[in-house]
Every structure is written in C-alpha cells, then in structure tokens.
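Chemist: Quick one: the structure is below, and I'll ask about it shortly.
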Amino acid sequence: MNLQQESQNGVVIVTPNGRLDISSAKLVEDSLIGIIERGHVRLVLDLSQLDYISSAGLRTLLVVAKRVEGAKGKIGLAALKPNVREVLEVGGFDRIFAIHADRAAALAAV
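Position 53 (the sequence shown) corresponds to 53 in full-length UniProt numbering; numbering is contiguous.
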C-alpha cells in the first residue's frame, strides 16, 4: 500500500494505491489519524487507485470518519472503482460517506 498526499485549498487529499486490507489497514488508519491530529479535518480520499477493500479497510474508514466528525470536519470519498463502490454500498457505507464521482466534486463538497 502506498499513500499519496497533497493539499488543495485547505483540503488534504489522500490517494491510497493498491489494496486496503488487514495487511495495510493499520498503516492507512495511523496515517489518516495523524493528518487529523495535525489539525487537517477536511479530507478527500481519492480511491481511484484502490483495487480492493476488505472488512479491515471498512473499519479503517469508520474510525477515520468518527475522528473527522469529532473534530467538526468533513470527509468525502472520490472516484471509486466499481468493485470498491459495490462493497461500500453492500455494507451501507454510502449512507455514512458522501461518495463523489471524481476528485473535483469531492473537493467542492468538503
């Protein structure tokens, strides 16, 4: 798992590359919580490079969403591949997260 990070207009954009599963979930969670703890509470997760998400990855998203909410921030998910989107929808995560077609739409929303 590789995480790319950039900032645009006060929003931190994180792009995970590869698989978000038991072997990478802790790394991703720690990285995102670190961003939040540094005061960056407007986040976009660009999931265009995410090939797979497991239940451990879903848990990571929930933990991060709760932290963002607790800090009065916003988080948006962008550019999901069909298989990742399906997992999120089946798990009801589309009712928890704002899911956007692309990065630009997510940036405008957060």
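Yeah, the Cβ is synthetic: ideal placement off N, Cα and C, and Gly gets one too. All values derive from a computational prediction rather than experimental measurement.
(1) Beta carbon of Val11, beta carbon of Leu43: below 8 Å?
(2) What residues in its chain sit with their C-beta under 6 Å from that of Ser54, if we drop five residues either side in the sequence?
(3) In chain order, what residues of the same chain lie with their CB nearer than 7 Å to the CB of Ala109, ignoring the 5 residues before and after it?
(4) State the Cα-Cα distance for the pair Ala25 and Pro16, rounded to the nearest angstrom.
(5) At 4 residues or longer, what runs of the alpha helix (DSSP H) sit wholly inside the segment 13-56?
(6) Could you name the residues that DSSP lists as bridge partners for Gly76?
(7) For the putative contact between Ala31 and Leu3, defined by C-beta atoms under 8 Å, what is the C-beta separation to the nearest angstrom?
(8) Cβ of Leu45 within 8 Å of Cβ of Phe93?
(9) Opposite Asn2 in the DSSP bridges: which residues?
Modeler: By the coordinates alone:
(1) By one-based count along the sequence shown, residue 11 stands at place 11. By one-based count along the sequence shown, residue 43 stands at place 43. Contact flag set, yes.
(2) Looking up residue 54 in the sequence shown gives position 54. Closer than 6 Å at Cβ, skipping near neighbours: Asp21.
(3) The residue given as residue 109 occupies position 109 in the sequence shown. Gly76, Ala98, His100, listed in sequence order.
(4) Mapped onto the sequence shown, residue 25 falls at position 25. Mapped onto the sequence shown, residue 16 falls at position 16. Roughly 11 Å separates the two Cα atoms.
(5) 25-37
(6) Your numbering for residue 76 matches position 76 in the sequence shown. According to DSSP, Gly76 bridges with Val44, Ala98.
(7) Locating residue 31 in the sequence shown gives position 31, where the first residue counts as 1. Locating residue 3 in the sequence shown gives position 3, where the first residue counts as 1. Residue identity check: residue 31 is Ser in the sequence provided, not Ala. With a Cβ gap of about 6 Å, Ser31 and Leu3 count as contacting.
(8) Here residue 45 corresponds to residue number 45 of the sequence shown, with the count starting at 1. Here residue 93 corresponds to residue number 93 of the sequence shown, with the count starting at 1. No.
(9) Position 2 of the sequence shown holds residue 2. Per DSSP, Asn17.
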